[in-house]
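Here is the structure we will look at.
Chains as they are written, first to last, in this note's numbering: chain A, 1 to 114; chain B, 1001 to 1112.
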């Protein structure tokens, strides 16, 4: 069975500072990996995805993530956050032999203060 | 691009009531999903459907029914609402089971 762990439930960061959100996964094969963002009273929106190739993938709004097979990780980064980046971020995995679609982590709530 | 429309946005029901949530997508995606989102518990899959008239149970299907009579629509029924239940129900769709999923804005359920 596969799983996704986001070890930080909440992260607080100052505007203009860098941000890293951690995501660890458990899966015997090579997964497809995703980061989603959820703003208040909204559904989830895709930030970026990794299928194969370059382990560093670029997403929207200056976000990027790095896949590491050896560490079973897919950490999300942003060089300089804005107050509008305050949201909940979900890491998700697609295990190609799993018939129920994506497996999601519990999310990390990010609060950006001026 | 496309959009997923969920109705209603807010739903208040009474204990024991049968409640129906509706979802429409214009992506022309084959696969559709219903997730329940509770604070601190992430997203839990209730039902999914890989094509019209197909229904598959997720981990949280007990207490729910679903219907996929058209490719573009997927409805969810809470068969007997539980008192003090509060959750957000998210509808989603994707081209296949292993690709990215697109979400609607959710239906917020409150049971009094």
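Every residue, glycine too, gets a C-beta built ideally from N, C-alpha and C.
These figures come from a predicted structure and were not determined experimentally.
Chain B residues whose Cβ lies nearer than 8 Å to that of residue i
i, result
"residue 99/A", "1056, 1097"
"residue 20/A", "The premise fails here: residue 20/A is roughly 20 Å from chain B at the closest Cβ pair, so nothing lies under 8 Å."
"residue 53/A", "Per Cβ cutoff of 8 Å: no residues; residue 53/A is ~16 Å from chain B at best."
Span of the beta strand (DSSP E), counted from its first residue to its last, around residue i
i, result
"residue 1039/B", "No beta strand (DSSP E) contains residue 1039/B, which DSSP labels as neither H nor E."
"residue 36/A", "32 to 38"
"residue 89/A", "87 to 94"
"residue 81/A", "Neither: residue 81/A is in no beta strand (DSSP E) and is coded neither H nor E."
"residue 1004/B", "1004 to 1007"
"residue 1064/B", "1064 to 1070"
"residue 1013/B", "1010 to 1013"
"residue 14/A", "10 to 14"
"residue 50/A", "44 to 50"
"residue 66/A", "64 to 68"
"residue 1081/B", "First-last for residue 1081/B: undefined, no H or E at that position."
Identified DSSP bridge partners for residue i
i, result
"residue 1051/B", "Answer is none; residue 1051/B lacks a bridge partner."
"residue 25/A", "4/A"
"residue 20/A", "77/A"
Proximal residues to residue i (C-beta, below 6 Å), its chain only, five neighbours per side dropped
i, result
"residue 85/A", "112"
Interface residues of chain B facing residue i [CB-CB closer than 9 Å]
i, result
"residue 2/A", "Result: empty, since nearest Cβ-Cβ is about 12 Å, beyond 9 Å."
8 Å CB neighbourhood of residue i in its chain, flanking five on each side removed
i, result
"residue 31/A", "2, 25, 93, 94, 95, 96"
"residue 102/A", "34, 92, 93, 94"
Interface residues of chain A facing residue i [CB-CB closer than 7 Å]
i, result
"residue 1048/B", "100, 101"
"residue 1105/B", "42, 43"
"residue 1100/B", "34, 46, 49"
Contacts that residue i makes with chain A (C-beta to C-beta distance below 9 Å)
i, result
"residue 1094/B", "101, 102"
"residue 1090/B", "43, 44"
> Name the residues in the region 83 to 110 of chain A whose C-beta lies less than 7 Å from a C-beta of chain B; which are they?
Replying inline: The residues in question are 94, 96, 99, 100, 101, 102, 104, 105, 106, 107.
> Taking any Cβ of chain A, which residues in the region 1018 to 1044 of chain B have a Cβ under 8 Å from it, in chain order?
Replying inline: Here the close residues are 1031, 1033, 1040, 1041, 1042, 1043.
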